[in-house]
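Visitor: The numbering used here runs 1 ahead of the 1-based position in the sequence shown.
Questions regarding the structure given below will be posed in turn.
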Amino acid sequence: MTSTRYDGDSWDLSSSVGSTATMAATARAIATRTDRRLIDDPFAAPLVQAVGVDLFTRLATGAEPPGEFVQQVWIDIAKIRTKYYDEFFLRATGSGIRQAVILASGLDSRAYRLAWPAGTVVYELDKPDVVDFKTRTLAGLGAEPTADHRVVPGDLRDDWPQALRAAGLDPAQPIAWSAEGLLGYLPPDAQDRLLDTITSLSAPGSRLATESRPNPQPGDETKAKEHLQQLSERLGTDNMTNLRYFGQRNEAAPYLAARGWTLDTATIRDLLATNNLPPLVDDTMQMGDMLYLTAFR
Ligand code: SAM
2 MTSTRYDGDS WDLSSSVGST ATMAATARAI ATRTDRRLID DPFAAPLVQA VGVDLFTRLA
62 TGAEPPGEFV QQVWIDIAKI RTKYYDEFFL RATGSGIRQA VILASGLDSR AYRLAWPAGT
122 VVYELDKPDV VDFKTRTLAG LGAEPTADHR VVPGDLRDDW PQALRAAGLD PAQPIAWSAE
182 GLLGYLPPDA QDRLLDTITS LSAPGSRLAT ESRPNPQPGD ETKAKEHLQQ LSERLGTDNM
242 TNLRYFGQRN EAAPYLAARG WTLDTATIRD LLATNNLPPL VDDTMQMGDM LYLTAFR
């Protein structure tokens, strides 16, 4: 399967960029089943099963072992990433923020599994087929949101703030935003617009968690693309080299710092070490230097 990206393209959870959300949930399902020290996402496996892509289902349920490369670049990183964003939201709401916005929510189940303080409103925004499928599936499983949960179908390349406002978001009050596993799937100018829009909607006290990938050195991406292609063939997904936007872009960390955010950052390499996970033996995907960041307004 191959597909290329274009302005205004769309997808569900088994196609194009949507399949990357199912892939992320598959990694959380495997992590939850095999090592619950860092994360516990009981909804990941049933959601992946409901999507119904055969290999993802077999991986999520343990019928198929993931293999060493997938274990490292996918499952161990999913553990630290999920923990990072879980703690981000718990700290942000612990500090008094009562509006959380999960951008590109995919099969994220935080609205159903985190202990949100009373009065917290959690907005989830992703493509219509994605948010509809997840909400319907979790309702069918009898899952109850643990906050005031508001689902906002939309496209982050378009005028998405209007839809959030219509759902009740109040930009005059602080907001905790997450953009997890998203930026590389946006064209560079759409990433800049997204970060500008988040900045303009963020009252003092707001926070944002996202990732910042260092720009590639010449030749770096050729190796990364080969690996992504092998991984896609192994997983039977759309060729992931066609889903991400490669090349130079404004790196999120300095871009946000220049717009008045104060940053707290950690590399994936450091987070693997501090969480007692093995170091990356093969970093042709250039994951080690990627930053997880929390930005404070
Ligand atoms: N944040 C989720 C997680 O970590 O499990 C999903 C990450 S997945 C790698 C990328 C997500 O970004 C998908 O759910 C996809 O639908 C969403 N996405 C990408 N581009 C988007 C856009 N232009 N508008 C809305 N959602 C988008």
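Glycine residues also receive a C-beta, built at the ideal position from the N, C-alpha and C atoms.
1) Please report the distance separating the alpha-carbon of residue 266 from that of residue 293.
2) Write down the C-beta distance between residue 60 and residue 67 rounded to the nearest angstrom, noting that I regard them as a contact closer than 8 Å.
3) Please report the Cβ distance between residue 122 and residue 149, rounded to the nearest whole angstrom; I am assuming they are in contact, meaning their Cβ atoms lie under 8 Å.
4) Going by the beta-carbon positions, is the gap between residue 248 and residue 270 smaller than 8 Å?
5) Please confirm whether any heavy atom of the ligand SAM lies closer than 7 Å to the CB of residue 128.
6) Would residue 201 be called buried (16 or more neighbouring beta carbons within 10 Å of its own) or exposed?
7) So who's on the other strand from residue 154, going by DSSP bridges?
8) Here's a check: name, in chain order, each residue in its chain whose Cβ is nearer than 6 Å to the Cβ of residue 155, leaving out the five neighbours to either side.
9) Quick check for students: name the residue ranges of the beta strand (DSSP E) that lie wholly in the region 46-106, counting only runs of 3 or more.
10) When the Cα atoms are used, what is the spatial distance from residue 139 to residue 203?
11) Taking all protein chains shown into account, do 16 or more other C-beta atoms lie within 10 angstroms of the C-beta of residue 2, making it buried, or fewer, making it exposed?
12) Please tell me whether residue 246 and residue 189 are closer than 8 Å, where the distance is taken between their beta carbons.
13) Per DSSP, what kind of secondary structure is residue 122 in: helix, strand or coil?
14) Report yes or no: do three or more beta-carbon pairs, one from the region 181-196 and one from the region 101-119, lie closer than 8 Å?
15) Could you tell me if the beta carbon of residue 9 falls within a distance shorter than 7 Å of some heavy atom in the ligand SAM?
Guide: Checking against the coordinates, here is how it stands:
1) As the crow flies, the alpha-carbon of residue 266 is around 6 Å from that of residue 293.
2) About 6 Å separates the two Cβ atoms, so the contact holds.
3) Contact flag correct, Cβ pair sits at about 4 Å.
4) No, Cβ-Cβ distance for residue 248 and residue 270 is not below 8 Å.
5) For residue 128, the shortest separation between its Cβ and any heavy atom of the ligand SAM lies below 7 Å.
6) Burial call: exposed.
7) DSSP output for residue 154 lists 127 as bridge partner(s).
8) Closer than 6 Å at the Cβ level, and outside the excluded window around residue 155, lie 126, 161, 164.
9) Scanning the region 46-106 for uninterrupted beta strand (DSSP E) segments of 3 residues or longer gives 100-104, listed from N- to C-terminal end.
10) Cα to Cα, residue 139 sits roughly 30 Å from residue 203.
11) In this prediction, residue 2 has a pLDDT of 39, which is less than 50 and means its spatial position is unreliable; nothing more can be read from the coordinates.
12) A Cβ-Cβ contact shorter than 8 Å links residue 246 with residue 189.
13) If DSSP states are grouped into helix, strand and coil, residue 122 belongs with the strands.
14) A contact is defined here as three or more CB-CB pairs under 8 Å, and the region 181-196 meets this definition with respect to the region 101-119.
15) No, the Cβ of residue 9 stays beyond 7 Å of every heavy atom of the ligand SAM.
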